[in-house]
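Data first, discussion second: the structure below is written as structure tokens.
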Amino acid sequence: MDAAAPPRVEIDFGPAPVRLAAAPSPAPDEKRTELILDALKRGLADSGEHRLYRSGKLPGLFPTRTGPAADAALVALADGLIDTVRTEAKGKLIVEWVRVTPKGVAFVHERDTPKAVLRELRDLIGPTRDGVPVWMADMRDQVAALQSTFENRAADLLKRLDGVALRVEAALRRADLGSPQVSGTVRKLVPWAIEALEYLDRRATTTGGGPCPLRELFQALRDHYPDLTLPSFHAGLQRLHDNRAVRLTGANGTVPDPEYAMFIGAGMCCFAER
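For what it's worth, our numbering labels the leading residue of the sequence shown as 5, then goes sequentially.
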């Protein structure tokens, strides 16, 4: 009798892969959203400019200039999730360089919240862990010669499940923290303080950590405070830094967007984080 098979897991043992279940093909809109999410996360993981499309060994936010990836890139540009900062002409090829916008950060946050992680956990852990023991017993009888490889793959699968469980715990802890708080005095002097802290928290949730460039934070605040000037922005950040609400840090090497950088003591700071 065939053993029960956990869904959506494929273990490749060389030329003859063992398929435990075939996941249904995603709908076009789901595939496009997945491509956009992957591109935005790739752009947020490394602050700065990125090629819109991968070219050979040169990385880009989207894998190809054709097919679903090209459609997803056009939607991301049209919806303002990424912004073209410059173009380069290389022969007949035009290379577009883009940045992820604050709207793109919000797009990732809305689709990678604790609820989304919990849905992923529900769909993955239950049926997969239920099927793993039976599947392991059957596979030992069929592929005794490949036992070492099999056990290594099973360990990788369990590690993935444990990683998802840790993400859920971290997401729930962040959800329980609520909105950031600042004193009334600081709020009077820095009226956009709460918005700045909430943006940094949202960004940390969607990117998994890492400092936020001051240029990006300034642009995000200007969406809510169009009269905010760069000197006022720097003065407010200085006050939040002094009150330990944010931490301002510098760059290792070249300073990105130096016009947005500011001095704290003798050091030049170009990033903010909680």
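A virtual CB, placed ideally from N, CA and C, is assigned to each residue, including glycine.
{"Item": "Serine 59 (DSSP reduced to helix, strand or coil)", "Value": "strand"}
{"Item": "Own chain, CB closer than 6 Å to arginine 278, minus 5 neighbours either side, in chain order", "Value": "Leu204"}
{"Item": "Where histidine 228 falls: helix, strand or coil (DSSP)", "Value": "coil"}
{"Item": "Cβ-based neighbour list, arginine 58, same chain, cut-off 6 Å, excluding 5 preceding and 5 following", "Value": "Gly64 and Pro67"}
{"Item": "The stretch 207-218 in contact with the stretch 146-158 per 3-pair CB rule at 8 Å", "Value": "no"}
{"Item": "Contact set for phenylalanine 267: own chain, Cβ-Cβ below 8 Å, skip 5 residues either direction", "Value": "Cys273"}
{"Item": "DSSP-derived helix/strand/coil call for tryptophan 139", "Value": "helix"}
{"Item": "Inter-residue Cα distance where the pair is glutamate 263 and leucine 241", "Value": "15 Å"}
{"Item": "Serine 187 burial status per 10 Å Cβ neighbour count (16 or more: buried)", "Value": "exposed"}
{"Item": "Bounding residues of the beta strand (DSSP E) (the contiguous stretch that carries glycine 271)", "Value": "271-273"}
{"Item": "Among Glu38, Thr70, Arg133 and Leu193, nearest to asparagine 247 - alpha-carbon criterion", "Value": "Leu193"}
{"Item": "Integer-rounded CB distance, given that leucine 165 should sit under 8 Å from threonine 132", "Value": "7 Å"}
{"Item": "As assigned by DSSP and simplified to three states, the class of lysine 35", "Value": "helix"}
{"Item": "N- and C-terminal bounds of the beta strand (DSSP E) containing threonine 253", "Value": "251-253"}
{"Item": "Simplified DSSP assignment, three categories, for glycine 47", "Value": "helix"}
{"Item": "Limits of the unbroken alpha helix (DSSP H) element including arginine 191", "Value": "188-193"}
{"Item": "For proline 284: DSSP bridge partner residues", "Value": "What the structure shows of the chain is the stretch from 5 to 278, and residue 284 is not part of that stretch, so it cannot be assessed."}
{"Item": "Neighbourhood of asparagine 256 by C-beta, 6 Å cutoff - its chain only, sequence neighbours within 5 removed", "Value": "none"}
{"Item": "Alpha carbon of proline 260 to alpha carbon of lysine 96, nearest angstrom", "Value": "30 Å"}
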